[in-house]
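Here's the structure we're looking at; comments come further down.
Residue numbers (UniProt numbering): 1 to 210.
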């Protein structure tokens, strides 16, 4: 009886899981290079100052609403193909993520709010299978492009909500910046898929067991 009483209580499983997720976020953040943010910054500057350029027309919403779904459909197709070829968790996860983004781009019912639930769940899914993600998370270029894409997405939300209305000619460039940067974010996701396909990554133990 005494030995039973003196036993230490089991560690909190939920607490350990939370610590693991925090550690995974820190590992990803350590591989992020801020240079990638020069891409959206340069695009913003160009849209805001080059409205007389003939190319500026292609930043208009009607054009971008054609480009964006096409790019995300390419992302879904590429990720699904790599999933079939390599059978790894990473491409299964990228396929799910790309499908979520595509559904949001098509403005299906509930996706405007649902995307804010889906993305955290998809990220949690990646963290819960972090061992399968490690070969790719260790690649600074992939991490920088991926994190850069989501920072770009977040910035488009601030533009949509008129956070930057104090800037000159805000009403003139607001929609162009929002739509074009969103497309840039999609292109970054496609770049992650394409670049990762050329990395000589074999299956991890976790992938082999699945």
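Backbone N, C-alpha and C define an ideal beta-carbon position, used for all residues, glycine too.
1. Do residue 29 and residue 189 have their beta-carbon atoms positioned less than 8 Å apart in this structure?
2. Answer with buried or exposed for residue 176, where buried requires no fewer than 16 other C-beta atoms within 10 angstroms of its C-beta.
3. Given this structure, state the Cα-to-Cα distance separating residue 206 from residue 134, to the nearest angstrom.
4. Thinking C-beta only, is residue 138 closer than 8 Å to residue 89?
5. Given a cut-off of 8 Å, decide if residue 159 and residue 140 are closer than it, judged by their beta-carbon atoms.
6. Mind pulling the alpha helix (DSSP H) runs of 4 or more residues that sit fully within the region 99-173?
7. CB-CB under 7 Å to residue 36, same chain, minus the five flanking residues each way: which ones, in chain order?
8. Pull up the CB-CB distance for residue 172 and residue 101, whole angstroms please, since I reckon it's below 8 Å.
9. Going by the beta-carbon positions, is the gap between residue 183 and residue 68 smaller than 8 Å?
10. Cβ atoms of residue 152 and residue 64: under 8 Å apart, would you say?
11. Under 8 Å by Cβ, that's how I've got residue 111 and residue 103 pegged, so tell me the actual separation to the nearest angstrom.
12. With a threshold of 16 other CB atoms inside 10 Å of the CB of residue 107, please say whether the residue is buried or exposed.
Looking at the atomic coordinates:
1. Here residue 189 refers to the residue found at position 189 of the chain shown. Here residue 29 refers to the residue found at position 29 of the chain shown. Going by C-beta atoms, residue 189 is not nearer than 8 Å to residue 29.
2. Start at 1 with the first residue of the chain shown, and residue 176 comes out as number 176. Per the 10 Å Cβ criterion, buried.
3. In the chain shown, counting from the first residue as 1, residue 206 sits at position 206. In the chain shown, counting from the first residue as 1, residue 134 sits at position 134. Caution applies to residue 206, whose pLDDT of 48 falls short of 50 and renders its modelled position unreliable; the model cannot decide the point.
4. One-based indexing of the chain shown puts residue 89 at position 89. One-based indexing of the chain shown puts residue 138 at position 138. Going by C-beta atoms, residue 89 is not nearer than 8 Å to residue 138.
5. The residue you call residue 140 lines up with position 140 of the chain shown. The residue you call residue 159 lines up with position 159 of the chain shown. Cβ atoms of residue 140 and residue 159: not closer than 8 Å.
6. 111-128, 130-137, 140-160
7. Reading the chain shown from its first residue, position 36 is the one you call residue 36. Closer than 7 Å at the Cβ level, and outside the excluded window around residue 36, lie 144, 145, 148.
8. Here residue 172 corresponds to residue number 172 of the chain shown, with the count starting at 1. Here residue 101 corresponds to residue number 101 of the chain shown, with the count starting at 1. Not a contact, Cβ separation roughly 28 Å.
9. On the chain shown, position 183 is the one that residue 183 refers to. On the chain shown, position 68 is the one that residue 68 refers to. Going by C-beta atoms, residue 183 is nearer than 8 Å to residue 68.
10. Position 64 of the chain shown, counted from the first residue, corresponds to residue 64. Position 152 of the chain shown, counted from the first residue, corresponds to residue 152. No, the pair does not count as a contact, with Cβ atoms beyond the cut-off.
11. Along the chain shown, one-based indexing puts residue 111 at 111. Along the chain shown, one-based indexing puts residue 103 at 103. That belief holds up - the Cβ atoms of residue 111 and residue 103 are roughly 5 Å apart, short of 8 Å.
12. Here residue 107 is taken as the residue at index 107 of the chain shown, counted from 1. Classification of residue 107: exposed, given that the 10 Å Cβ count is below 16.
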